[in-house]
Every structure is written in structure tokens, then in C-alpha cells.
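**Student:** Quick one: this structure, given as C-alpha cells, is what I'll be asking you about.
Here it is as C-alpha cells:
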């Protein structure tokens, strides 16, 4: 029951990354505004989410994962109600940004709770697989659910899905308690981390040179302050212990989101499919991510995270290459989806297992921040290339080879003991 509560909360977080996109025409007809304003109605959530991920994990490690989780989920439900009643585009953009912050708290708390509630590595691996399977349905459900709700009730209905799910999640975990951590939080470091990640996401999303320059300056300031801080944003040893998983996570986000963007344009502009039909065309890609992670969890429990990560990256590369050259796309889309369904849950399990004690929330936040940055970069880079899918396939294959070489002797299998 507790695992279902965790999964429902992350379902909300992922659902809101995609569900509003298909509602933009109805949103434009109701609230008006410029094209840039409508884009920010979508991007405000993802930018704020990416900017807050490190802080969400650190806050969960410091104040207790259960407490931070409940605050994040409750805020998500309340802000969704306010979003449904937004009187104008500016208010909606602001509320979407606050939803992104609440989503980061949900995620930081849920990852910390996964480590606390399932301390045995094999048990945690199985739990992570089920958690990923339930939350993976959000990727498949977002465009379909959004299209259905908007068609029946208008764009405001997409926000009214969240409060009941948030309430169920809170009820499932109402008795769970977490101890406070001993780690201190350096406000300046966390603020600079938020500013850097937000500016980086903005630079990649809107191809803004100014945001890129400011992001570089923020990064330089962050490095300088981090070196002198008694409470750094990245605890000692975290990057050294987990950098292979971080590189693989960035590549998975890059390939998936970039391919999704390119294929969306192909289906709607090239093949002139309606939005709902285009969403259905992605089912071979998204459905494996909803059903296969349960198997991945069992594989991680038996063989460790390394084998599913390598197999997933190899299958992802093969699937992208097949979509790029084959006349029939759906078998290769399915291969891509299965590759991701092996890789992503195993990466999360491997990241938590490799992280130093007491840093599970931060480790999960770092992985998701890296994945989100990779996803944003994938859209920005692959969308402007002449052969985007072939490029993504080649880069994924190279990442697979690098991960195999760098983890050969330092990723022991998880035993079922």
C-alpha cells in the first residue's frame, strides 16, 4: 500500500510534464496570449522542476523524507485546484512554476522513502521496478488523457485529475514517519544550484544566449561557493560513486525526449495525424515503460543494476537506429520502449545503491536533474539535425560501451540472500 502511495505521487509529477501540451489550442481560445506565453504555460513546470530537484532531495535528507513528501503532495493538489481556476495566462504560468517546485519535493521525498521503507537491496530493486511501472504509465497516459479531458470538458479539466490522486497518495502514507537527518543545508549553495539549473533549462528550451551566459556565471559561482561550503549540495563521494549512472541517465533522457520531439513533428506535420491519433502512435514506445519495469526490478534483484542498464542502452540504440531506417516504425518503437523500460528503473536502483549512506534523496535528485537536462538538450539538439534518430542511436551506443568499460569491476550484483 505504501509503495502504491509513492507511485501515485510520482505519477502526478510525470503526468504534468505532458498532459497540458495537447490542451494548448483550447487554452489559447480561452485565455488568449502570445505563442511564447502558451509555451511557458508548459515550460514553466519543467524548468522549475529541473531547477528544484537538487534542493528537493537535500531538503528530504535534512528534514525527513516522509514529512517533505507529504508537504510536496499536498501542495501539488492545492496548486492544481488553483490552476484549474486560473483567471489568466500569467497566473497559470506562475502556478505551473510552483507546481514544478512541489513536484521536486514529491520526488525527493519519494526517493528517500524508497530507501527507508525497502532497505534490503533486493527488496528495494523489486520495489523500484513496481514504482517505475506505475509511474511509467504517466508517459503513455499524458497525451491520451489530456486529449480526452480537453475534448469533453476543456483545458481546466486536466488540473482536476490531480487532487483526488494526491489525496489517495497521502492516505496511503499517513502513518509513515521519517527521522530528521543530520545534514545541514547551505542556503547559498542551494539557491545557486536552483538558479543554475533553471537558467540552463531556459537556455536549452528557448535557445537563449543570454540565459546560457548567465547559467555559466551561475555555475562558476556555484563551484566557488561549493568548494568553501561546510554543507555542499553534492555530498563528498556522491559524484565519484555514481558518475557512470549519471552519464547513462543523461543519455537516456537525451535520446528519449529528442526522439519524442522529432517523431511528434513527423506524425503531425509529415503524416498529418490528429493529436489523439499521434498520441496513439506512440503506444508501442510508451506501453513497455508501463508494464516491463516489474521484470526489470526482478532482474536487478537477481543480477544487479549493471546488466539491465547495459541491455537497455543496447536495445535503445538498436530501436532508434531501426526507426531511422526501417519503413515500418512500430516494431522499432517497441524496441526503444523496452530498452528504456530496462534502463531507467535499473539506473534509479543502481544510483541509490551506489550513493553514500544518508544521501538517497540527493542522489535521486541529481539523477533526475541530469536526466531532465539531457532531455532538454535532446530536444534542442536533435530537433535541428538532418539525421536526428541515427545520431541519437550512435550516441546511445557509445554511452553503452563507456558504461560497460567503466563499471566492469565496481558494480557488484545484488543478492537475494
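In my numbering, the protein residues as written are 12 to 428. Even for Gly, the Cβ is constructed at its ideal location relative to N, Cα and C.
What span of residues does the alpha helix (DSSP H) with residue 114 cover, start to end?
**Tutor:** As a working mapping, residue 114 is identified with position 103 in the chain shown. Looking at the DSSP string, the run of the alpha helix (DSSP H) that includes residue 114 is 100-128.
**Student:** Which stretch, first to last residue, makes up the alpha helix (DSSP H) that contains residue 175?
**Tutor:** Here residue 175 corresponds to residue number 164 of the chain shown, with the count starting at 1. Segment 173-183, the alpha helix (DSSP H) holding residue 175.
**Student:** Thinking C-alpha only, which one of 99, 328, 171 is nearest residue 45?
**Tutor:** If you number the chain shown from 1, residue 45 lands on position 34. For the residues 99, 328, 171, the minimum Cα distance to residue 45 belongs to 99.
**Student:** If you reduce the DSSP assignment to three classes, tell me which class residue 166 lands in.
**Tutor:** Along the chain shown, read from residue 1 onward, the residue named residue 166 stands at position 155. Note: residue 166 maps to coil in three-state DSSP.
**Student:** Excluding five sequence neighbours on each side, which residues of the same chain lie with their C-beta closer than 6 Å to the C-beta of residue 440?
**Tutor:** Any answer about residue 440 is impossible in this case: the structure gives the chain only from 12 up to 428.
**Student:** Which class does residue 211 belong to by DSSP, given the choice of helix, strand or coil?
**Tutor:** Within the chain shown, the letter at position 200 stands for residue 211. Helix.
**Student:** Label residue 254 either buried or exposed according to how many other C-beta atoms from any shown protein chain fall within 10 Å of its C-beta, with 16 as the threshold for buried.
**Tutor:** Within the chain shown, numbered from 1, the residue matching residue 254 stands at position 243. Result: exposed.
**Student:** Using the Cα positions of residue 57 and residue 415, report the straight-line distance between them to the nearest angstrom.
**Tutor:** In the chain shown, counting from the first residue as 1, residue 57 sits at position 46. In the chain shown, counting from the first residue as 1, residue 415 sits at position 404. When rounded, the distance between both Cα atoms is 31 Å.
**Student:** Less than 8 Å between the C-beta atoms of residue 430 and residue 156, yes or no?
**Tutor:** With the chain covering only 12 through 428, there is no way to say anything about residue 430.
**Student:** Three Cβ pairs or more, each shorter than 8 Å: is that satisfied between the segment 228-245 and the segment 296-310?
**Tutor:** The segment 228-245, when compared against the segment 296-310, does not touch it at the 8 Å Cβ threshold.
**Student:** Rounded to a whole number of angstroms, what is the C-alpha to C-alpha distance between residue 76 and residue 188?
**Tutor:** On the chain shown, position 65 is the one that residue 76 refers to. On the chain shown, position 177 is the one that residue 188 refers to. Near 8 Å, if we compare the C-alpha coordinates of residue 188 and residue 76.
**Student:** Roughly how many angstroms lie between the CA atoms of residue 113 and residue 86, to the nearest whole one?
**Tutor:** One-based indexing of the chain shown puts residue 113 at position 102. One-based indexing of the chain shown puts residue 86 at position 75. Roughly 6 Å between the two C-alpha positions.
**Student:** In three-state terms, what does DSSP make of residue 191?
**Tutor:** Here the question's residue 191 lines up with position 180 in the chain shown. Here residue 191 sits in coil by DSSP.
**Student:** Using only the alpha-carbon positions, how far apart do residue 418 and residue 357 sit?
**Tutor:** Translated into positions along the chain shown, residue 418 becomes position 407. Translated into positions along the chain shown, residue 357 becomes position 346. Between residue 418 and residue 357, the C-alpha separation is close to 14 Å.
**Student:** Run through DSSP, which three-state label would residue 298 get?
**Tutor:** Here residue 298 refers to the residue found at position 287 when the chain shown is read from its first residue. Three-state DSSP puts residue 298 in a helix.
**Student:** Reducing DSSP to helix, strand and coil, say where residue 13 ends up.
**Tutor:** One-based indexing of the chain shown puts residue 13 at position 2. Correct three-state label for residue 13: helix.
**Student:** Report yes or no: do the segment 254-266 and the segment 383-393 share at least 3 C-beta pairs separated by less than 8 Å?
**Tutor:** Touching, yes, given that three or more Cβ pairs across the two stretches are closer than 8 Å.
**Student:** State the start and end residues of the unbroken alpha helix (DSSP H) segment that holds residue 317.
**Tutor:** As a working note, residue 317 is residue 306 in the chain shown. Run containing residue 317: 317-336, per the alpha helix (DSSP H) assignment.
**Student:** Use the C-beta contact count for residue 224: other C-beta atoms within 10 angstroms, 16 or more gives buried, fewer gives exposed.
**Tutor:** For the purposes of this step, residue 224 is taken as the residue at position 213 of the chain shown. With fewer than 16 other Cβ atoms within 10 Å, it is exposed.
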